[in-house]
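Quick note: the sequence shown, position 98, residue 99 per this note's numbering, numbers continuous.
Cβ coordinates follow ideal geometry from the N, Cα and C atoms, glycine included.
To keep things clear, I will list the structure first and then write my remarks on it.
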Amino acid sequence: MSRIKAVLFDMDGVLINTEPLHYRMWKEAFKGRGLDIDYDIYKHCIGATDAYLMDLILDHYGRDFRGDVRLSEERAVIEKRMLKEEGFPEMSGVREMLRTLHETGFLLAVASSSPLERINDAVDYIGARQYFSLLNSAENVARSKPAPDIYLDTAQKLGVLPEECIVLEDSENGSIAAVSAGMICVGLDNPDSGDQNLERAAVIIAGLQEFTPELILNLTQE
C-alpha cells in the first residue's frame, strides 16, 4: 500500500490553465502605470504571490508598487472582466483525475499562492468542491513559494505528515516549495506556464491523465 495519505495541488496551471490570463491581466494593469512588463521577467513569479511579483518588478524595472492598493484593485477589476468574458480555463481531464484520486481514498487539498476567494471561485467553476478536504491560500502563511510554508501548513491542517503528501506542481517556485517541505513532487509540464525548471520533481508528466493512483504507488515504492 502507498504511504501517501494526501495529494496537494497547486491551482493555477494545474487545475485551471490561468497563467496566460494572469500575464495579460497584469500587463494591462501595469500599462495603466506606464510600465510595459516583459514576459521573460514576469515568468519568474509564476507559482508565487502578488507580493513576490512586486519585488520582481522593483528589482528589474526600478519601480516600487509595493503597497499600491489602487493597482491591486485595478488588477482585480481587469481579472473579473476577463473571467466574465472567458471563464476559468479548465485543465483537460481535471475532473476525472480528482474523482479517481478521491474515490481511491486520498485526502485532496489545494495549496495555492492565489487568494482564497479566487481559489473558491475556480473550484466551484469546475464543479470540484466535493473532492477537496481543504482549500488553502498562501494568504494564510508568512512566506510565499518557493518557501515551503503553504505546503507545511496544508499538511498540518489535514492532520498528516509532510512525508505522507505528494504534490502536483507546474512551476519551479512550487516544486522548490514542495521538495523543501519534504514532500514528493510530481511536475506537470504545462507549456502555458512558461519555460519552468521542474528538475526537482520525482517525475514529470505531460497531462493530468498521467497523474493516477498507480503513479503515486510506483513513486512511493522507488
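Return helix, strand or coil for residue i, following the three-state DSSP convention.
| i | result |
| --- | --- |
| I38 | coil |
| I127 | coil |
| M2 | Note on M2: pLDDT 48, under 50, position unreliable in the model; no value is reported. |
| A7 | strand |
| G175 | helix |
| E200 | coil |
| I185 | strand |
| V15 | coil |
| I58 | helix |
| I47 | coil |
| V142 | coil |
I'd like the span of the beta strand (DSSP E) that includes residue i, first residue to last.
| i | result |
| --- | --- |
| S1 | Since the first residue shown for the chain is 2 and the last is 223, residue 1 is missing from the structure and cannot be characterised. |
| L109 | 108-113 |
| L162 | Counting along the chain, L162 falls outside any beta strand (DSSP E), and DSSP gives it neither H nor E. |
In whole angstroms, what separates the C-alpha of residue i from that of residue j?
| i | j | result |
| --- | --- | --- |
| G188 | E170 | 5 Å |
| Q224 | A207 | Outside the displayed range of the chain (2 to 223) lies residue 224, so it cannot be described from this structure. |
| S176 | E118 | 23 Å |
| L218 | A156 | 19 Å |
| A178 | T101 | 26 Å |
| A112 | N174 | 13 Å |
| I127 | S73 | 25 Å |
| D190 | V168 | 14 Å |
| V78 | M12 | 21 Å |
| V15 | R82 | 22 Å |
| L1 | G33 | There is no way to answer for residue 1, as the model of the chain reaches only from 2 to 223. |
| I17 | M92 | 5 Å |
Counting along the chain, where does the alpha helix (DSSP H) carrying residue i start and finish?
| i | result |
| --- | --- |
| L220 | 214-222 |
| I151 | 150-159 |
Which same chain residues end up closer than 8 Å to residue i when comparing Cβ atoms and leaving out the 5 residues on each side of it in sequence?
| i | result |
| --- | --- |
| L36 | I58, Y62, R64 |
CB-CB under 6 Å to residue i, same chain, minus the five flanking residues each way: which ones, in chain order?
| i | result |
| --- | --- |
| A139 | T50, S114, S145, I151 |
| L54 | C46 |
Between residue i and the rest of its own chain, which residues show a CB-CB distance below 7 Å, the 5 nearest in sequence each way excluded?
| i | result |
| --- | --- |
| K28 | I38 |
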